[in-house]
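Student: Taken in sequence, the protein lines are chains C and S. Residue numbering for the first sequence follows our numbering, beginning at 102 and increasing consecutively. Residue numbering for the second sequence follows our numbering, beginning at 34 and increasing consecutively.
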Amino acid sequence: MDLDALLDCVTSSSCLVTQTTSGLIVGMLLFMVAAGLTLIFGVLKIVNFAHGTFYMLGAYIAYSTFAFTGSYILGVLAGGLGMAIFGVIFERVLISRVYGANVLMQLLICYAVVLICDDLVKIIWGPDFYAMGMPPEFQVPPLFIAGGVVPPFYIMLIVVALVIGGGLGLSLGLTKIGKIIRAAAHNPNMVSALGINTTLLYSLVFAVGGMLAGLAGGLAAPVRSLTPGMGFSILIESFIVTVIGGMGSIGGALIAAVVLGLIRSFGTIGFPLFTEGLMYIAMIIILVTKPSGLFGKEIV
Amino acid sequence: MHDNKAARLGRRTVLAASAAALAMPAVARAQANPLKIGIQSIFSGPIALLGTSSRGAIQPEIDRINAAGGLLGRQIQPIYRDSKGQPQEAARVARELVNTDGCEILLDAEASSGAYAVQEVVRDLGVLCVHSNSETSSLTADPKLRVATAFRSARQGVHDAIVGGAHSAKVATAKKLSKWATCSPDYAFGRDTTAQFLEFLKHFKPDIEVLSQGWPKLGAPDFTEVITKILQAKPQALYSALYAGDLSAFVNQGNVYALFSAMQVFVPAMGDLPVLTAVKNLPAGIQSANRYLPTFPATAENAAWGAAYRKNNNNDYPTNWSWENSTAIRFIEAAVKKAGSTDGKKAAAALEGLTIDSPFSTTGKVTMRAEDHTLIDYAIGWGTTVPKEPFVIDMEPGDWGQIAELEKEWKKSNGYI
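(1) Give, in chain order, every residue of the segment 94–114 of chain S whose Cβ lies closer than 8 angstroms to some Cβ of chain C.
(2) Indicate the three-state DSSP secondary structure (helix, strand or coil) for Lys344 of chain S in the structure shown.
(3) Is it buried or exposed for Ile450 of chain S, if we count other Cβ within 10 angstroms and need 16 for buried?
(4) What are the residues that DSSP puts in a beta bridge with Arg198 of chain C?
(5) For Val160 of chain S, which residues from the same chain have a beta carbon less than 7 angstroms from its beta carbon, with the 5 sequence-adjacent residues on both sides left out?
(6) Step through the CB atoms of chain C and report whether any lies within less than 8 angstroms of the CB of Thr257 of chain S.
(7) Name, please, each residue of chain C whose Cβ falls closer than 8 angstroms to the Cβ of Pro307 of chain S.
(8) Mind pulling the chain S residues with CB within less than 8 angstroms of Gly234 of chain C?
(9) I'd like the span of the beta strand (DSSP E) that includes Gly462 of chain C, first residue to last.
(10) Taking DSSP as the reference, what is the three-state secondary structure of Val60 of chain S?
(11) What residue does the alpha helix (DSSP H) around Trp248 of chain S start on, and which one ends it?
(12) Under a CB-based cut-off of 8 angstroms, is Met296 of chain S close to chain C?
(13) Could you tell me which of C:Phe187, C:Pro392, C:Ala358, C:Val309 sits nearest to Ser123 of chain C, measuring between CA atoms?
(14) Taking Cβ positions, are Asp134 of chain S and Phe76 of chain S nearer each other than 8 angstroms?
(15) Within the 8 angstroms Cβ cut-off, does Val214 of chain C reach chain S?
(16) Let's see if you can read the secondary structure: which residues bound the alpha helix (DSSP H) around Phe169 of chain C?
(17) Would Ser347 of chain S be called buried (16 or more neighbouring beta carbons within 10 Å of its own) or exposed?
(18) Quick one: list the residues of chain C neighbouring Ala213 of chain S, beta-carbon separation under 8 angstroms, in chain order.
(19) Could you give the first and the last residue of the continuous beta strand (DSSP E) run that contains His164 of chain S?
(20) Considering only the alpha carbon of each residue, which of C:Val360, C:Leu374, C:Ser326, C:Ile370 lies closest to Pro307 of chain S?
(21) Going by other Cβ atoms of all chains shown within 10 Å of its Cβ, with 16 needed for buried, is Lys223 of chain C buried or exposed?
(22) Just tell me which of C:Val324, C:Gly234, C:Phe155 has its CA closest to the CA of Ser339 of chain C.
(23) I'd like the ranges of any beta strand (DSSP E) spanning at least 3 consecutive residues and lying wholly in the segment 348–419 of chain S.
(24) Once DSSP output is grouped into helix, strand and coil, what is the label at Arg323 of chain S?
(25) Please confirm if Ala357 of chain C has its CB atom under 8 angstroms from at least one CB of chain S.
(26) Report the residues of the segment 271–302 of chain C with a CB closer than 7 angstroms to any CB of chain S, ordered along the chain.
(27) When we look at the beta-carbon of Val196 of chain S and count the other beta-carbons within 10 Å, is it buried (16 or more) or exposed?
(28) Would you kindly work out how many angstroms separate the C-alpha atoms of Thr112 of chain C and Ala106 of chain C, rounded to a whole number?
(29) From the beta carbon of Ala291 of chain S, is the nearest beta carbon of chain C less than 8 angstroms away?
(30) Got a sec: is the Cβ-Cβ distance from Ser339 of chain C to anything in chain S below 8 angstroms?
(31) Run through the segment 237–292 of chain S for me and flag every whole beta strand (DSSP E) of 3 or more residues, listed as ranges in chain order.
(32) Run through the DSSP bridge pairs and tell me what Gln73 of chain S is partnered with.
(33) Across which residues does DSSP place Gln152 of chain S in a beta bridge pair?
(34) Quick one, which residues of the segment 181–211 of chain C are near chain S if we go by CB-CB under 8 angstroms, in chain order?
(35) Return the residue from the list C:Ile282, C:Val214, C:Gly249, C:Pro392 that minimises the CA-CA distance to Asn149 of chain C.
(36) In terms of DSSP beta bridges, what is Pro289 of chain C paired with?
Next up, the structure:
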C-alpha cells in the first residue's frame, strides 16, 4: 500500500489527467463487451459465458481484414459485422434450444463453444500471438494536457465507445424496436401474444451483443496481443462489471466499467499489489449491500 | 556331383535361412520395440506456443536420428502429451507416460510450474528426464530439489540475471541511469527474475534506485495503468521481464504513450523472433538479451538451424524453447549412445559433464554441468533493437567465467552450496 503516492497523484494535475484517461480507456473497452453481455442477460436471461469468444473472434477478423485491406475502419466494422452474424448463428443453432433450461446446461454449451472456437482460431491463425500494430493515421505522438500524457488513439477509442454506448441507450429508449426489446425483457409472453416475432427479436439481441463485443475486439486490436483464449480475461472483468452495474442494465454497465477502470488506474498507484483485489472487493460490497447491482432494478 | 552340389547349396541355403531366421526376431524386435520418449508440454490455451515451438524442434531431431538407424538400433517413437499448463496434470501425464505408455525417457517441455511437479515424479520413477523449458534456477540449483536422473537443457534465470546485470550496469554507467522502474508479470517467474536482475545490477552498479515496480497479471489484456504509473514515476530506465504476447501488447501500448523515447528500456525477452516479428512498430534502442536469434551466435551452423526450423514448420519462426528442445534431444542421443542403455542411472551417469557440439553456443559446444545437472556455455548476450531485420544488433556475448563465479556466490548466499 502506497497511500503517499496516491495522495501525490490525486493532487498532481499531470498524474490526475494521465490516470483518469487511462482508467477511462480501460473502462470504455470493458463497457463495450459488458454492454452486450448485460443486454443478452436482460432480455433472454442467458448468462453468455461465450461472450469473451465474440471479443476474441472480432479482434482476429479485424486483424485479418486490416492485413488484407490496410484499413483499420474496415477491420473494426468487419469484426463487428462478423460477430453480429456469429451471434445470430450461435443463438439460432445452440442457445435457442436451451431457453428456460438449467443454467448448467447453458454454461456447458457456452463453454463448449469457447473451447471449439479457441481450437478453430489455432487451426486458422495458428497458436502464435499476433499484433495488428498501430494504423498509420494514429502513429502520432501523445498529447500533453495539463502535464498529463493522453494518446490521440485512446481519445478516439473513448469517443467511439461513448457514441456506440449512447447510440445503444437511445435506441433502446426511443425507438420502436428498443421499446419492444425492453418489453420483451419485462414480459416476453405478452410481447409474443401481441404478435411480435420474438424469435427474430432474440436473434437481434444476440446480433447486437455480438456486434458490440466484436467492435470492442477490433477497436482494441492495435494495442492488444491476439492469442487463442484471449477472451477469457476480459470475460471475467465483464462479469464483474455486470454484477456491479446490475445484470441487464446498460447504464449500470457503463458506470461500473468506468469505476472499474478508475479503480485499476489509481489502484495501481496506491495499492500496486492489490489492484485486482480492489475490483473484487468492490464487487463483494455491491453484492452484500445491493445484490441486484447498482442499477439492477432497471431492466435494460 | 550334381547331387553333391545340390546338397552343398542346400546346406548353405539352410544355414543362410537359419541365420536369417535367428536374426529375424532381433530385427522384428527392433521394429516392434521402439524407444518411446514421453514428451509433455502445453499444447493448448494461450501459451500453446510453448509446446508447438518445442515440438517443431524436437520432431526434426527425432526424424534425423531415425533416418540414421535410430538410437541403439531402435527407432525413436515420441509420445506427445498436453498438460494444459496445470502442474497436477503435468505430474499425472509424466507418470502415465512411463507406467502406461512404456516410455523409457522423459523430455519435460513444461513451463516451470509443471517442471517442478514432473521432477518429483522422476525422483520416484528413476527414469532419465531432461527438463527443456524451465528456466527457474532453483530446479537444479537447490540440492533439495535436485534429482539424480533429471537434467535441464534450458537457459537458467540466474545466468540471464548475471549477464543482464553486467550489461545493463555498463549501459547505465555510460548513460548515467540511476533511477529505475520495473514492470514484470505477477507470478513466481516475474518476481524472481526481477529480484535477481536488480541484485546483479546493484552488484555492478550500487547507486541504483528503484522508483516504481509494476506487477501486471500474466495474460492481462491491458497494461495501460501500469504504463502510466511508470511514466508518472519518471525513471531514467525500465526493466521488464514480460515475454511473448504480454510483451508484444506492452510494447504496442507503450508506443502510444511514447514510453520508449522517455526512458532507456531493458527487456531480456525482446530478442525472440515471434515477439520481434509480431510487434509491428518495434522501437529502436531497446536493450535486449537473445532468446533465440539466428544471428547470434553469428555462425553458419546457427543460421542453417534457424532456416531449417522454418522449412520444417510452415515458415514459423523458432522460439527460445525451440533451441532448448533441440538441445535436449541431442543430449539424450549422446548420453544413451555413450551409456549403451536407456536405463535411468546409466544414462544419467553418461550425461553428467557431457559436452556436445551445438549451433547454440559461441564456442560451438555446450556442456551439461555435472555438479548441478544444468546447461552451460550456451549463447547468452545482449544487444540493441532496430525496427527491421535482424531486429537486434551489436550483440555482446556474456562471459561464462564471470557467470560461473557469480553463480557460485549466488548459490552460497541461498544456502545451496
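Glycine included, each C-beta is placed from N, C-alpha and C at the ideal position. Keep in mind the model is a prediction, meaning the values are calculated, not measured.
Tutor: The answer reads as follows:
(1) none
(2) helix
(3) Exposed is the call here.
(4) For Arg198 of chain C, which the question treats as bridged, DSSP gives no partner whatsoever.
(5) Val131, Glu137, Ile138, Leu139, Thr182, Gly377
(6) yes
(7) Asp229, Phe230
(8) Asn285, Val312, Lys313, Asn314
(9) This structure leaves residue 462 of chain C out entirely; chain C is present only between 102 and 401.
(10) With a pLDDT of 48 at Val60 of chain S, under the threshold of 50, the modelled position of that residue is not reliable, and the figure given next carries that caveat. Three-state DSSP puts Val60 of chain S in a helix.
(11) Looking at the DSSP string, Trp248 of chain S is not in any alpha helix (DSSP H), and its letter there is neither H nor E.
(12) no
(13) C:Ala358
(14) no
(15) no
(16) 152–170
(17) Note that residue 347 of chain S is Asn in the sequence shown here, rather than Ser. Burial call: exposed.
(18) The identity of residue 213 of chain S in the sequence shown is Trp, whereas the question assumes Ala. One finds nothing in chain C with a Cβ atom closer than 8 angstroms to the Cβ of Trp213 of chain S; even the nearest lies about 16 angstroms away.
(19) 161–164
(20) C:Ser326
(21) buried
(22) C:Phe155
(23) 388–390, 398–402, 407–409, 414–418
(24) The identity of residue 323 of chain S in the sequence shown is Asn, whereas the question assumes Arg. Strand at Asn323 of chain S.
(25) no
(26) none
(27) buried
(28) 10 angstroms
(29) yes
(30) no
(31) Runs of the beta strand (DSSP E) inside the segment 237–292 of chain S: 242–247, 270–273.
(32) S:Arg114, S:Asp141
(33) Beta-bridge pairing links Gln152 of chain S to no other residue.
(34) none
(35) Looking at C:Ile282, C:Val214, C:Gly249, C:Pro392, the one whose alpha-carbon comes closest to that of Asn149 of chain C is C:Val214.
(36) DSSP lists no partner for Pro289 of chain C.
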